[in-house]
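Peer 1: Using the working numbering, the first residue of the sequence shown is number 1445, and each one after it goes up by one. Note that beta-carbon positions come from the ideal geometry of N, C-alpha and C, so glycine has one too.
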Amino acid sequence: MQDNCRFVTNIVNVNNRDNTHYVEYKMEKVSLSLKLRELGLHSHYYTIRARILRGWTPDKAIDTPIKKGNYRNMLFNGSKLKTK
1445 MQDNCRFVTN IVNVNNRDNT HYVEYKMEKV SLSLKLRELG LHSHYYTIRA RILRGWTPDK
1505 AIDTPIKKGN YRNMLFNGSK LKTK
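1. Specify, as a first and last residue, the run of the beta strand (DSSP E) that lysine 1504 falls within.
2. Using the rule of at least 16 other Cβ atoms within 10 Å of the residue's Cβ for burial, across every protein chain shown, is lysine 1479 buried or exposed?
3. Pick helix, strand or coil for valine 1467, following the three-state DSSP scheme.
4. Mind the definition here: the region 1493 to 1512 touches the region 1445 to 1461 only if three or more C-beta pairs lie below 8 Å; say whether that holds.
5. Hey, could you find the ends of the beta strand (DSSP E) valine 1474 is sitting in?
6. Just the C-alpha distance for isoleucine 1506 and asparagine 1448, rounded to the nearest angstrom, thanks.
7. Would you mind stating whether aspartate 1503 and lysine 1473 have Cβ atoms separated by less than 9 Å?
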């Protein structure tokens, strides 16, 4: 085998592309996908990436919990919000 060859996993290979989205998280430049996989948040990739694209800092976008549930029955100042 040649010295300039290496075998890597599919995950590493996919993140070694031109269109990989890198962010600075906790003062370290990392692949967003790999960092979310490491933190157990990979299923929320699109939510967190949308937050970043809307102007959130990567630290805030990743560290803010993802809301789940039905938003139709939310209360605002003690009264129920009207939805369509």
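Peer 2: Let me spell this out:
1. Lysine 1504 -> not in any beta strand (DSSP E); alpha helix (DSSP H) instead, spanning 1502 to 1507.
2. buried
3. strand
4. no
5. 1472 to 1475
6. 36 Å
7. no
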